[in-house]
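2 protein chains.
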Amino acid sequence: MNRLMKPGARERETLLNSGLLSALGVESVAAMMEIAAIGNLPARQMLFREGEPADMLHSVLSGYVRVYKLDPDGREADVELYGPGDLIGASVVLDGGRYGATAQAAEPSLIARFDLKRVRDIAGRRPDLAMALANALSGQLARAFASLADDRLHTAPQRVARYLLAQCPAEDKATSFRLPYQKSLLAGKLGLAPEALSRAFSMLRGHSVNVRGRLVHIGDPEALRRI
Amino acid sequence: MNRLMKPGARERETLLNSGLLSALGVESVAAMMEIAAIGNLPARQMLFREGEPADMLHSVLSGYVRVYKLDPDGREADVELYGPGDLIGASVVLDGGRYGATAQAAEPSLIARFDLKRVRDIAGRRPDLAMALANALSGQLARAFASLADDRLHTAPQRVARYLLAQCPAEDKATSFRLPYQKSLLAGKLGLAPEALSRAFSMLRGHSVNVRGRLVHIGDPEALRRI
DNA sequence: CGGGCTTTTGAGGTGTGTCAACTGTAGTGG
DNA sequence: CCACTACAGTTGACACACCTCAAAAGCCCG
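For the record, the sequence lines run as chains A and B. Residue numbers for the first sequence follow the UniProt record's numbering, so the first one is 1 and each next one is one higher. Residue numbers for the second sequence follow the UniProt record's numbering, so the first one is 1 and each next one is one higher.
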């Protein structure tokens with residue numbers, strides 16, 4: 001990782017609002033800030049690889065990190081996509097094991113790293129940190145379960161529709177928004193080949209969805225829900 | 001749940017060896033034992049349903065519990081299968097939320113339940129419990145990731161082969177063993193329709209695998225690995 | 001021996017991955 | 001500013017893996 005450094009004022013601010021640190025007491029926050037290292041990742045850089053000994057905990061400050069698993073013959077399957085504020089769940093290995101997947105910056109990103117041994121140490125003394133970890137993991141497990149079920153129950157257009165609805169405000173009225181990352185990333189997140197995502201979008205065109213570049217317009221959320 | 005009761009000697013013993021309690025200090029074990037309730041579930045009984053307020057933590061003492069998600073039109077997708085010693089991850093909701101899936105006993109089972117509020121309370125004071133929870137969740141997240149990737153990368157015969165290999169002792173020699181549950185359960189766990197599992201087994205018959213009822217014989221593990 | 005359940009086998013439909021070619025877009029350098 | 005390149009996205013053709021439905025066969029337990 002390029003230019004490892006202590007967190008500055010800007011980074012401390014972002015860290016404070018991240019999922020992991022936002023629920024901690026002041027002493028725990030201070031202890032974690034103490035051991036935090038900030039790094040700037042260029043796009044496509046690896047954070048860690050499947051099988052390596054796990055010695056670091058990672059949290060995304062800005063950008064996106066893609067976590068995927070590899071096939072013997074080199075094919076990749078995305079398993080989770082982390083954005084600003086997210087703790088990278090695959091890097092939480094609390095009993096000194098190995099990373100179970102590979103993490104790669106999907107775009108230029110700012111990452112906070114914590115030495116795992118020291119995190120374990122602090123968490124062993126401060127229950128609020130241990131609970132924050134458990135909370136983060138519990139949420140991620142729920143998301144992983146949702147992905148699994150979604151994969152097995154819904155077709156590509158349905159998964160895309162559900163994703164779009166999740167980005168909409170709750171009310172049932174027309175909305176526009178920008179996709180937060182490129183479509184190939186979204187395809188991977190939804191467990192689709194990029195071509196399948198493209199076809200899903202063009203099928204949804206008949207159901208009040210309009211896509212141009214990263215701009216999405218949804219005319220009738222209720223119609224989407226019925227796909 | 002039928003016949004809720006305090007844990008007896010036999011149940012305490014089993015609980016002590018369970019994933020959650022085995023790593024705790026004596027005081028935490030005592031505190032958890034204090035609030036444990038044991039219940040006997042007949043096959044097909046629900047432990048909790050998707051969307052219900054989450055107020056209990058569950059751990060399997062014997063038998064198997066299937067956790068699945070439901071489609072609007074009633075189709076089910078299995079998301080995890082828990083056996084003896086397992087903490088039911090979907091029941092770990094630490095911020096007073098709702099269950100994200102449904103849990104059902106796959107066969108007559110013995111279950112330990114803990115009041116979630118009290119668990120949170122204890123974990124807030126005792127870091128070893130909070131860490132044990134985080135550890136359990138981290139392991140389950142890794143398994144969920146593995147399932148996701150497996151679904152997306154491998155065909156049905158490959159997934160079955162990998163499952164069988166995981167049941168084998170590490171050495172590369174012929175082995176026999178019994179499937180721990182019925183095939184329809186295994187199919188669900190692997191994300192397959194029962195018919196697909198059956199077909200996968202008959203395809204593997206040509207690769208040194210022999211199945212009769214729940215008895216599996218594997219002639220050449222190395223050959224399986226090459227599927 | 002009969003009922004119910006689980007598993008197997010068969011036939012047909014379809015969703016999605018793969019490969020390939022084409023289009024669009026963005027960024028680079030003359 | 002315009003060509004040029006590189007990459008992202010689209011579209012089409014095809015294969016095949018898996019789901020669905022249906023029916024037969026096997027198994028367990030009364």
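By construction, the Cβ of each residue, glycine as well, lies at the ideal position given by its N, Cα and C atoms. Every value quoted in this text rests on a predicted model; they were computed, and no experiment measured them.
CB contact below 9 Å: residue 60 of chain A versus chain B:
Translated into positions along the first sequence, residue 60 of chain A becomes position 60. No, its Cβ sits nowhere closer than 9 Å to a Cβ of chain B.
So for residue 227 of chain A, helix, strand or coil by DSSP?
Sequence index remark: in the first sequence, residue 227 of chain A carries index 227 (1-based). Coil.
At a Cβ threshold of 9 Å, is residue 187 of chain B touching chain A?
For the purposes of this step, residue 187 of chain B is taken as residue 187 along the second sequence, with counting starting at 1. Cβ-Cβ to chain A under 9 Å: no for residue 187 of chain B.
Verify whether the separation of the beta carbon atoms of residue 67 of chain A and residue 52 of chain A is less than 9 Å.
By one-based count along the first sequence, residue 67 of chain A stands at place 67. By one-based count along the first sequence, residue 52 of chain A stands at place 52. No. Outside cutoff.
Could you please tell me which residues of the region 135-148 of chain A, in chain order, have their CB closer than 8 Å to any CB of chain B?
135, 137, 138, 140, 141, 142, 144, 145, 146, 147 and 148
Assign residue 65 of chain A to buried or exposed, taking buried as 16 or more other Cβ atoms, counted over all protein chains shown, within 10 Å of its Cβ.
Within the first sequence, the letter at position 65 stands for residue 65 of chain A. Result: buried.
Cβ of residue 101 of chain A within 9 Å of Cβ of residue 41 of chain A?
Numbered from its first residue, the first sequence carries residue 101 of chain A at position 101. Numbered from its first residue, the first sequence carries residue 41 of chain A at position 41. In this structure, residue 41 of chain A does not lie closer than 9 Å to residue 101 of chain A by Cβ.
For the alpha helix (DSSP H) holding residue 120 of chain B, just list the boundary residues, first then last.
Sequence index remark: in the second sequence, residue 120 of chain B carries index 120 (1-based). Where residue 120 of chain B is concerned, the enclosing alpha helix (DSSP H) stretches over 116-125.
Go through its chain and collect everything with a Cβ distance to residue 123 of chain A's Cβ below 7 Å, but skip five positions before and after it.
Here residue 123 of chain A refers to the residue found at position 123 when the first sequence is read from its first residue. Excluding residues within five positions, the ones whose Cβ falls inside 7 Å are 129, 130 and 133.
Would you please state the rounded distance, in angstroms, between the beta carbons of residue 110 of chain B and residue 61 of chain B? I believe it to be under 8 Å.
On the second sequence, position 110 is the one that residue 110 of chain B refers to. On the second sequence, position 61 is the one that residue 61 of chain B refers to. For residue 110 of chain B against residue 61 of chain B, the beta-carbon gap comes to about 4 Å, under 8 Å, which counts as contact.
Touching or not, the region 188-200 of chain B and the region 153-164 of chain B, by the rule of three or more beta carbon pairs under 8 Å?
yes
Considering only C-alpha positions, which residue in the set A/14, A/7, A/24 and A/11 is nearest to residue 136 of chain A?
Position 136 of the first sequence, counting from 1, holds the residue named residue 136 of chain A. Residue nearest to residue 136 of chain A within the set A/14, A/7, A/24 and A/11 is A/24 (criterion: CA-CA distance).
For residue 69 of chain B, name the three-state secondary structure that DSSP assigns.
Taking the second sequence and counting its residues from 1, the one referred to as residue 69 of chain B is at position 69. Of the three classes helix, strand and coil, the one that applies to residue 69 of chain B here is strand, per DSSP.
By the criterion of Cβ-Cβ separation under 8 Å, what are the contact partners of residue 75 of chain A in chain B?
Here residue 75 of chain A refers to the residue found at position 75 of the first sequence. Neighbours of residue 75 of chain A on chain B, chain order: 153.
Boundaries of the alpha helix (DSSP H) in which residue 15 of chain A is found, first to last residue:
Taking the first residue of the first sequence as position 1, residue 15 of chain A is located at position 15. Residue 15 of chain A -> alpha helix (DSSP H) spans 9-16.
Same chain, Cβ closer than 7 Å to residue 50 of chain B, neighbours up to 5 away in sequence not counted
The residue labelled residue 50 of chain B in the question sits at position 50 within the second sequence. Closer than 7 Å at the Cβ level, and outside the excluded window around residue 50 of chain B, lie 69, 70, 99, 100, 101 and 102.
Under 9 Å between beta-carbons, which chain B residues line up against residue 123 of chain A? List them in chain order, please.
Against the first sequence, residue 123 of chain A aligns to sequence position 123. Residues of chain B passing the Cβ test: 127, 130, 131 and 134.
Could you name the residues of the same chain whose beta carbon sits closer than 8 Å to that of residue 169 of chain B, not counting the 5 residues immediately before and after it, in chain order?
If you number the second sequence from 1, residue 169 of chain B lands on position 169. So the qualifying residues of the chain are 175.
Chain A contact residues for residue 101 of chain B, given Cβ-Cβ distances below 7 Å:
For the purposes of this step, residue 101 of chain B is taken as residue 101 along the second sequence, with counting starting at 1. Result: 145.
With 16 other Cβ atoms within 10 Å as the buried cut-off, status of residue 29 of chain A
Walking along the first sequence from the start, residue 29 of chain A turns up at place 29. It counts as buried.
Partner residues on chain A for residue 236 of chain B, Cβ-Cβ distance less than 7 Å
It is not possible to answer for residue 236 of chain B, since the shown part of chain B is limited to 1 through 227.
Near residue 14 of chain B, which residues of its chain fall below 6 Å by C-beta distance, leaving aside the five closest residues on each side in sequence?
Looking up residue 14 of chain B in the second sequence gives position 14. Cβ neighbours of residue 14 of chain B beyond the five flanking positions: 61.
Which residues in the same chain have their Cβ closer than 6 Å to the Cβ of residue 192 of chain B, if we skip the five residues on either side of it in sequence?
As a position in the second sequence, residue 192 of chain B is number 192, starting the count at 1. Result list for residue 192 of chain B: 156, in chain order.
Do residue 56 of chain B and residue 95 of chain B have their C-beta atoms closer together than 9 Å?
Indexing the second sequence from 1 puts residue 56 of chain B at position 56. Indexing the second sequence from 1 puts residue 95 of chain B at position 95. No, Cβ-Cβ distance for residue 56 of chain B and residue 95 of chain B is not below 9 Å.
At what residue ranges does the UniProt domain "HTH crp-type" (154-222) of chain B contain a whole run of the beta strand (DSSP E), taking only runs of 3 or more?
175-178, 209-212 and 215-218
Report the residue from B/149, B/180 and B/54 whose alpha carbon sits nearest the alpha carbon of residue 119 of chain B.
Taking the first residue of the second sequence as position 1, residue 119 of chain B is located at position 119. The shortest C-alpha separation from residue 119 of chain B is found at B/54.
For a contact meaning CB atoms closer than 8 Å, what does residue 19 of chain B contact in chain A?
As a working note, residue 19 of chain B is residue 19 in the second sequence. By Cβ distance, chain A contributes nothing, its closest Cβ being about 12 Å from residue 19 of chain B, past 8 Å.
So is residue 69 of chain B in contact with chain A if we call contact Cβ pairs under 9 Å?
Translated into the one-based positions of the second sequence, residue 69 of chain B becomes position 69. Closer than 9 Å to some Cβ of chain A, the Cβ of residue 69 of chain B qualifies, so yes.
Output, in chain order, the set of chain B residues within a Cβ distance shorter than 7 Å of residue 90 of chain A.
If you number the first sequence from 1, residue 90 of chain A lands on position 90. Near residue 90 of chain A (Cβ distances below 7 Å), the residues of chain B are 145.
Pick from B/75, B/211, B/117 and B/76 that is closest to residue 91 of chain B, judged by C-alpha positions
For this step, residue 91 of chain B is matched to residue 91 along the second sequence. Of the candidates B/75, B/211, B/117 and B/76, the one whose C-alpha sits nearest the C-alpha of residue 91 of chain B is B/117.
Identify every run of the beta strand (DSSP E) within the UniProt domain "Cyclic nucleotide-binding" (20-140) of chain B, keeping only runs that are complete inside it and at least 3 residues long; order them along the chain.
For the UniProt domain "Cyclic nucleotide-binding" (20-140) of chain B, whole beta strand (DSSP E) runs of length 3 or above, ordered along the chain, are 36-41, 46-48, 56-62, 65-70, 76-82, 102-105 and 109-115.
Could you say which of A/195, A/165 and A/211 lies nearest to residue 225 of chain A if we only look at CA atoms?
Residue mapping note: residue 225 of chain A aligns to position 225 of the first sequence, counting from 1. When each option's Cα is compared against that of residue 225 of chain A, the closest is A/165.
Counting only beta-carbon atoms, is residue 113 of chain B nearer than 9 Å to chain A?
By one-based count along the second sequence, residue 113 of chain B stands at place 113. Taking Cβ atoms only, chain A never reaches closer than 9 Å to residue 113 of chain B, which makes this a no.
Close beta carbons around residue 189 of chain B, own chain, < 7 Å, minus the five adjacent residues each side:
Counted from its first residue, the second sequence places residue 189 of chain B at position 189. Within the same chain, residue 189 of chain B has close Cβ partners 78 and 81.
I want to verify the contact list: residues of chain B whose CB lies under 8 Å from the CB of residue 79 of chain A, in sequence order.
Here residue 79 of chain A refers to the residue found at position 79 when the first sequence is read from its first residue. Simply 145, 148 and 149.
Does any residue of chain B have a CB that is nearer than 9 Å to the CB of residue 49 of chain A?
By 1-based counting over the first sequence, the position of residue 49 of chain A is 49. Not closer than 9 Å to any Cβ of chain B, the Cβ of residue 49 of chain A fails to qualify, so no.
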